[in-house]
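Asker: Residue numbers (this note's numbering): 82 to 242.
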Ligand SMILES: Nc1nc2c(ncn2[C@@H]2O[C@H](COP(=O)(O)OP(=O)(O)OP(=O)(O)O)[C@@H](O)[C@H]2O)c(=O)[nH]1
Ligand SMILES: [Mg+2]
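1. Along the alpha helix (DSSP H) that carries residue 143, what are the first and last residues, could you check?
2. Put residue 132 into one of helix, strand or coil per three-state DSSP.
3. Return the CA-CA distance between residue 115 and residue 160, expressed in angstroms with no decimal places.
4. Is the beta carbon of residue 105 closer than 7 Å to that of residue 225?
5. On the criterion of 16 or more Cβ atoms from any shown chain inside 10 Å, does residue 117 qualify as buried, or is it exposed?
6. Which residues have a Cβ closer than 5 Å to any heavy atom of ligand 2, listed in chain order?
7. Determine, using beta-carbon pairs with one atom in the region 88-107 and one in the region 157-171, whether at least three such pairs fall under 8 Å.
8. Would you tell me roughly how many angstroms separate the C-alpha atoms of residue 227 and residue 221, rounded to the nearest one?
9. Grab me the residues of residue 157's own chain with a C-beta within less than 7 Å of its C-beta, minus the 5 sequence neighbours each way, in chain order.
10. At 4 residues or longer, and completely inside the region 147-171: list those alpha helix (DSSP H) runs for me, N to C.
11. Roughly how many angstroms separate the alpha carbons of residue 128 and residue 185, rounded to a whole number?
12. Which residues in the same chain have their Cβ closer than 6 Å to the Cβ of residue 235, if we skip the five residues on either side of it in sequence?
13. Could you check whether the Cβ of residue 221 sits closer than 6 Å to any heavy atom belonging to ligand 1?
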């Protein structure tokens, strides 16, 4: 970790809410998107920054579409921690598992966000059950619920290392 700075990279399946999560944490964050049938989709990256526990936290959001593997590889360089955003209305899918396996192999500190908890169809407990032993924080990137507390808890684990 560079002194006083943390690079945290946000991963997750297409449409999980990665860009919305970064937007909720930093309203001035920047996003590079293209239009798709489901609305805007990230084609390069998101960038946000905020201060957490006296650290300058740099948040990089990745594209969720599988074909952007090369973008995820580039953005991942030098990360101090990784967050995987899971859509709690659809649960842990194959792409989430693939990202999880890749990050575990890198041995990078990792936390999960079970997103869309404002939605009546969200089942954050199912996300936790599918990921035994992992930190899973229920959040809503849409209304901002628990996003700052969840990031704060993750940063606490990074700075304690
Ligand atoms: N109900 C609800 N919808 C959400 C929430 N977060 C994101 N969404 C919606 O989910 C869709 C995808 O959100 P994005 O933030 O663009 O997701 P993403 O993971 O960045 O998507 P890609 O970059 O295309 O992989 C949008 O329609 C959002 O409005 C949430 O907390 N609750
Ligand atoms: Mg996005």
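Even glycine gets a Cβ: it sits at the ideal position worked out from N, Cα and C.
These figures come from a predicted structure and were not determined experimentally.
Answerer: The relevant details are as follows:
1. Careful: residue 143 lies outside any alpha helix (DSSP H) and carries neither H nor E.
2. strand
3. 25 Å
4. Against a cut-off of 7 Å, the Cβ pair of residue 105 and residue 225 comes out as a contact.
5. exposed
6. Answer in sequence order: 99, 100, 123.
7. yes
8. Their Cα atoms are separated by approximately 7 Å.
9. 90
10. 150-157
11. 23 Å
12. So the list reads 192, once near-sequence residues are dropped.
13. yes
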